[in-house]
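Novice: First residue of the sequence shown? That's 1 in full-length UniProt numbering, and the numbers climb one at a time after it. For each residue, glycine too, the CB sits at the ideal point set by N, CA and C.
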Amino acid sequence: MSSKVMIASGKQQGFSIVFAIFVLVVLSLLATAMFNIMAAGSDTVARQVLSARALFAAESGAQRQLNAIFPPGASASVTASCAGSAGSPRTNTFVMGGLIGCSDVIVVCDYVLIDAVNYFSLTSTGRCGPADDSAVRAIEVRAK
């Protein structure tokens with residue numbers, strides 16, 4: 001009877017090694033999957049930050065151009081800061097020191113004169129991030 005017990009326990013010794021290897025493989029696959037998910041998440045956050053910075057850069061360019069068209073304290077708009085004449089758009093490039101990591105903001109400005117009222121149209125484009133993977137945002141503003 002004791003010989004049967006010895007044979008049965010002898011066959012079970014290799015099972016614990018196989019089970020341990022199986023557990024290690026499963027845990028390493030889980031760790032790899034978690035690492036990939038974390039890496040993708042951090043990449044997404046970085047892209048969102050660049051996108052938000054590009055949007056803020058575009059908004060800053062539009063606000064700066066509007067400030068040139070409608071100077072504080074002035075009673076009339078300054079059309080020369082926007083375009084040479086109605087229907088001939090002007091491209092202004094702003095270098096803003098506060099927009100670290102962003103390239104120059106480009107603002108295209110034009111106006112139309114209708115019934116002695118100037119209607120201004122601005123398209124501001126902000127670009128942030130490295131050249132090969134940058135975020136670009138453009139906004140359009142209309143004012144009179």
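1) If you draw a straight line from the alpha carbon of I17 to that of A31, how long is it in whole angstroms?
2) Report the rounded CA-to-CA distance for F70 versus A40, giving the unit in angstroms.
3) For Q65, count the other beta carbons within 10 Å of its own beta carbon; 16 or more makes it buried, fewer makes it exposed. Which is it?
4) What do you reckon, are the CB atoms on V112 and N92 nearer than 8 Å?
5) Report yes if the C-beta distance between E140 and T125 is below 8 Å; otherwise report no.
6) Please report the straight-line C-alpha distance between F144 and A135, rounded to a whole angstrom.
7) Nearest to T98 by CA position, among S28, F15, A58, is which residue?
8) Near A68, which residues of its chain fall below 6 Å by C-beta distance, leaving aside the five closest residues on each side in sequence?
Specialist: Reading off the structure:
1) 21 Å
2) 45 Å
3) buried
4) no
5) no
6) Correcting the residue type first, residue 144 is Lys in the shown sequence and not Phe. Each residue's alpha carbon lies about 30 Å from the other.
7) The amino acid occupying residue 98 in the given sequence is Gly; Thr does not appear at that position. When each option's Cα is compared against that of G98, the closest is A58.
8) S81
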